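In this note's numbering, the protein residues as written are 726 to 860.
See below for the structure under consideration.
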Ligand SMILES: NC(=O)c1ccc[n+]([C@@H]2O[C@H](COP(=O)([O-])OP(=O)(O)OC[C@H]3O[C@@H](n4cnc5c(N)ncnc54)[C@H](OP(=O)(O)O)[C@@H]3O)[C@@H](O)[C@H]2O)c1
């Protein structure tokens, strides 16, 4: 009986902290995995001269994606609502190696805005390789 209690105490003492640790670590693990998947995807793709539209490009993931595409020599259309931030991202992306960066202010919840930035992309570049959405 005493031995059974001791085992129960031991398992209870171990499981509670283990559960808390898992709760804290799992979200970090999934965020890391998500970003790593994007990194691997970009690393293996030949993007030189290709045209990419990045929405949500003024900050966060979209901004970093723009820089990764820029390093690979892609031509970029970067889309978001904050013009000043977009201009800064465009400047950095050019510095990192993108031969042509077009910042476009647009709200992606507005269908006309979406049509406008796709039309402007086709008018400027004549084509588009891919659309990267990070909003
Ligand atoms: N950060 C992470 O670790 C992580 C992990 C997994 C998933 N996510 C998800 O990935 C998405 C992006 O995350 P984030 O951290 O990069 O967020 P963030 O830094 O807030 O970036 C959001 C971007 O979307 C733009 N945006 C927002 N609403 C818009 C609209 N209506 N029209 C055009 N542009 C708009 C913002 O620019 P303007 O304000 O200038 O328009 C900004 O450039 C979110 O949905 C987030 O939940 C993030």
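Every residue, glycine too, gets a C-beta built ideally from N, C-alpha and C.
Values in this document were obtained by computation on a predicted structure and should not be read as measured data.
- Cβ-Cβ separation between residue 803 and residue 779: approximately 5 Å, consistent with a contact (criterion under 8 Å).
- Going by C-alpha positions, residue 764 is about 36 Å away from residue 739.
- Beta-bridge partners of residue 752 (DSSP): none assigned.
- Looking from the CA of residue 773, the closest CA among 789, 820, 800 belongs to 800.
- When C-beta atoms of the region 741 to 758 are compared with those of the region 776 to 796, fewer than three pairs fall below 8 Å, so the two segments do not count as touching.
- Excluding residues up to 5 positions away in sequence, 806, 808, 811 lie with their Cβ nearer than 7 Å to the Cβ of residue 830 in the same chain.
- 817 is the residue among 846, 817, 797 whose C-alpha sits nearest the C-alpha of residue 788.
- Going by DSSP, residue 815 is part of the alpha helix (DSSP H) stretching over 808 to 821.
- Residue 791 and residue 835 have their C-alpha atoms spaced approximately 22 Å apart.
- Less than 8 Å divides the Cβ of residue 828 from the Cβ of residue 815.
- Judged by their CB atoms, residue 853 and residue 745 are not nearer to each other than the 8 Å cut-off.
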